[in-house]
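Those letters in the sequence shown? Residues 15 to 239, by the numbering used here.
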Amino acid sequence: MLLHIPGVLDDAATARMRAALAAAGWTDGRETVGPQGAKVKHNRQLPEASPLRTELGREVLAALARHPLFHPAALPLRILPPRFNRYEGGGEYGLHIDGAVMALPDGTQLRSDLACTLFLSEPESYEGGELVVSDSYGEHEAKLPAGDAVLYPASSLHRVRPVTRGTRLAAFFWIQSLVRDDAQRRMLFELDASIRRLTSTGADADAVLQLTGVYHNLLRQWTET
Ligand code: NI
Numbered sequence: 015m016l017l018h019i020p021g022v023l024d025d026a027a028t029a030r031m032r033a034a035l036a037a038a039g040w041t042d043g044r045e046t047v048g049p050q051g052a053k054v055k056h057n058r059q060l061p062e063a064s065p066l067r068t069e070l071g072r073e074v075l076a077a078l079a080r081h082p083l084f085h086p087a088a089l090p091l092r093i094l095p096p097r098f099n100r101y102e103g104g105g106e107y108g109l110h111i112d113g114a115v116m117a118l119p120d121g122t123q124l125r126s127d128l129a130c131t132l133f134l135s136e137p138e139s140y141e142g143g144e145l146v147v148s149d150s151y152g153e154h155e156a157k158l159p160a161g162d163a164v165l166y167p168a169s170s171l172h173r174v175r176p177v178t179r180g181t182r183l184a185a186f187f188w189i190q191s192l193v194r195d196d197a198q199r200r201m202l203f204e205l206d207a208s209i210r211r212l213t214s215t216g217a218d219a220d221a222v223l224q225l226t227g228v229y230h231n232l233l234r235q236w237t238e239t
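1) Under three-state DSSP, which class holds A257?
2) Taking Cβ positions, are L128 and L165 nearer each other than 8 angstroms?
3) Can you list the residues near the ligand NI, meaning Cβ strictly closer than 6 angstroms to any non-hydrogen atom, in the order they appear in the chain?
4) Pick out the complete alpha helix (DSSP H) segments inside the stretch 133-217, 4 residues or longer, and give them in chain order.
5) Ends of the beta strand (DSSP E) at A117?
6) Whose C-beta lies closer than 6 angstroms to the C-beta of A156 among residues of the same chain, with five residues either side of it excluded?
7) What's the C-alpha gap between L124 and S214?
8) Candidates H81, L232 and A36: which alpha carbon is nearest Q198's?
9) Please state if the CB of Y107 and the CB of V177 are separated by a distance shorter than 8 angstroms.
10) Shortest alpha-carbon distance to P61 belongs to which of Q224, E45, M116 and A207?
11) Say whether the stretch 42-57 touches the stretch 110-120, bearing in mind that this needs 3 or more beta-carbon pairs closer than 8 angstroms, one atom from each stretch.
12) Pick out whichever of G143, G180 and D195 has its Cα sitting closest to the Cα of A168.
13) Would you check if there are 3 or more beta carbon pairs closer than 8 angstroms linking the stretch 63-70 to the stretch 90-101?
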C-alpha cells in the first residue's frame with residue numbers, strides 16, 4: 015500500500031527547514047548505500063553525524079507522531095532517525111531496493127518494513143524528482159506538496175526520476191512495524207478507520223466495542239516485537 019499522508023508539516027515549518035538545509039554542508043549520498051546502490055544513486059545527503067539532521071529529524075518524527083494517519087498506518091516499533099537528501103542538476107536515484115536490515119544509533123537493528131519520504135520542496139519549484147514505486151499492481155508515482163509524506167513498503171523496487179530544474183529536498187527514513195506483513199497491516203489500518211468512522215457517526219456502541227475487540231485481538235495475533 016502506498017499511502018499519502020497530507021499536511022505533516024505546515025508551510026512555515028517546511029520553509030524553515032528549507033532555509034536551514036540551504037545553509038548546510040552536504041555529502042555524497044553514496045556514503046550510506048552498498049556497491050549496487052552506489053551505481054545508481056546520484057544525490058546529496060546531510061552527513062550521518064550532522065547535528066542538523068538530528069534536530070530536523072526529531073521535528074519530523076514529532077510531527078508524524080501527532081498526525082492521525084501515521085500511527086494506525088505504520089504501527090511503528092522502531093524508526094531510523096530521518097535522513098535528508100537533495101537532488102538537483104539531473105540528480106536521480108535509479109531503480110533499487112532498500113537494505114532489509116539497518117543499524118540504529120543505539121547499536122540495535124531495524125528491519126525495514128516501511129519506507130517514508132517527506133517532501134520539503136514545493137512541487138512547482140522543480141522539474142522531475144517523482145518517487146516511482148513498483149509493486150505487483152504496476153508503478154505508482156508520488157510528487158507531493160511540501161510537508162506531505164508518502165509511506166510505502168520497503169520491499170518494493172523504487173526510484174527517483176532525475177531532477178532537471180530546481181532542487182528537490184526531502185526527509186526519508188525507514189520503519190520496523192509491529193506488523194511485518196503489508197496485507198495484514200493494511201487490513202488493520204482499514205479496520206481502525208472504519209471503527210473511528212462508526213464511533214464518530216454514533217453507531218451502536220456494543221457493536222463498535224465488539225469490532226474494537228476484533229481489532230485488538232488481530233493486532234495481538236500479528237504483532238512481533
Ligand atoms: Ni530507496
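The beta carbon of each residue, even a glycine, is placed where N, CA and C say it ideally should be. Every value quoted in this text rests on a predicted model; they were computed, and no experiment measured them.
This is what the structure holds:
1) A question about residue 257 goes unanswered here, because the residues of the chain that appear run from 15 up to 239.
2) yes
3) After applying the 6 angstroms Cβ criterion, the set is H110, D112 and H172.
4) 196-214
5) For A117, the uninterrupted beta strand (DSSP E) run begins and ends at V115 to A117, by DSSP.
6) L145 and V164
7) In this structure, the CA atom of L124 is about 36 angstroms from the CA atom of S214.
8) The shortest Cα separation from Q198 among H81, L232 and A36 belongs to L232.
9) no
10) E45
11) yes
12) D195
13) yes
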